[in-house]
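Going by the UniProt record's numbering, the first residue of the sequence shown is number 1, and it counts up by one from there.
First comes the structure, then the notes that go with it.
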Amino acid sequence: MRVITRDFSLSTRGFGDTLDITPQVQEILEDSGLSEGCLTVFVPGSTGAVTTIEFESGVISDLKRALERLVPQDMAYEHDLAWGDGNGFSHVRAALMKPSLSIPFKEGRLLLGTWQQVVFLDFDNRPRRRRLVVQLIGE
1 MRVITRDFSL STRGFGDTLD ITPQVQEILE DSGLSEGCLT VFVPGSTGAV TTIEFESGVI
61 SDLKRALERL VPQDMAYEHD LAWGDGNGFS HVRAALMKPS LSIPFKEGRL LLGTWQQVVF
121 LDFDNRPRRR RLVVQLIGE
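Shown next as structure tokens:
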């Protein structure tokens, strides 16, 4: 059993910017030389999340609207009162969506469904440069 850790960076626009990171994750898997195991994609930070979704504009819009209903941007947040940075909603959305995702792989391919892509969501209230960590465990 081997453990390999890699990372890659993204530029984001914030405010729910949703990026398909499947190609980067698959490339890291292919470069690892591992055939079978599990990998985890993790975002260090408290205003981003990793999940899977059908990466098409309708579903992405639906998710953004659902999150706005659950965690509105214009609501008062204690975080904003303490820090004055206006991104309290970003922290709450990221906590609900989670910072990591585990994906099994076999024969060097991610075991994703036909319409399932790995995505990074940036909930912060400004553009950011983000680093994502991919850790693979397998053989």
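All residues carry an ideal CB built from backbone N, CA and C; glycine is no exception.
Which residues bound the alpha helix (DSSP H) around residue i?
| i | result |
| --- | --- |
| L34 | Neither: L34 is in no alpha helix (DSSP H) and is coded neither H nor E. |
| S57 | S57 to L70 |
| S11 | Where S11 is concerned, there is no enclosing alpha helix (DSSP H), although the beta strand (DSSP E) it sits in stretches over R2 to T12. |
| S90 | G88 to M97 |
| D17 | Where D17 is concerned, there is no enclosing alpha helix (DSSP H), although the beta strand (DSSP E) it sits in stretches over D17 to D20. |
| D80 | E78 to W83 |
Could you pull out every residue in the same chain whose Cβ sits closer than 7 Å to the Cβ of residue i, ignoring the five residues on either side in sequence?
| i | result |
| --- | --- |
| Q24 | F8 |
| R128 | T12, G14 and D122 |
| H91 | S46, T47 and H79 |
| K106 | E36 |
Might you give, ordered along the chain, the residues of its own chain that have their beta carbon closer than 6 Å to the beta carbon of residue i, omitting 5 neighbours on each side?
| i | result |
| --- | --- |
| Q135 | T5 and T40 |
| V3 | I137 |
| Q116 | T52 |
So residue i and residue j are supposed to be a Cβ contact under 8 Å. How far apart are they, rounded?
| i | j | result |
| --- | --- | --- |
| C38 | G113 | At roughly 16 Å, the Cβ-Cβ gap does not stay under 8 Å, so C38 and G113 are not in contact. |
| L110 | I21 | Not quite, the Cβ-Cβ distance comes to about 11 Å (not below 8 Å), so this is no contact. |
| G84 | S35 | The Cβ separation is near 50 Å, so there is no contact. |
| V71 | L96 | 7 Å |
| L10 | R130 | 5 Å |
| F42 | V119 | About 14 Å separates the two Cβ atoms, so there is no contact after all. |
| N87 | D124 | 6 Å |
Provide the residue(s) that pair with residue i in DSSP beta bridges, ordered along the chain.
| i | result |
| --- | --- |
| A49 | L121 |
| V43 | Beta-bridge pairing links V43 to no other residue. |
Tell me where the beta strand (DSSP E) around residue i begins and ends.
| i | result |
| --- | --- |
| G112 | Checking the sequence, you will find Leu at residue 112 rather than Gly. Neither: L112 is in no beta strand (DSSP E) and is coded neither H nor E. |
| P104 | S100 to K106 |
| Q135 | R128 to G138 |
Counting only beta-carbon atoms, is residue i nearer than 8 Å to chain E?
| i | result |
| --- | --- |
| S100 | In summary, chain E is missing from the structure at hand, where a single protein chain is found. |
Please return the same chain residues whose Cβ sits closer than 8 Å to the Cβ of residue i, not counting the five positions on each side in sequence.
| i | result |
| --- | --- |
| K98 | A49, V50 and T51 |
(request) Evaluate the contact criterion for the region 47-55 versus the region 71-86: three or more CB pairs, one atom per stretch, below 8 Å. (result) No: fewer than three Cβ pairs fall under 8 Å.
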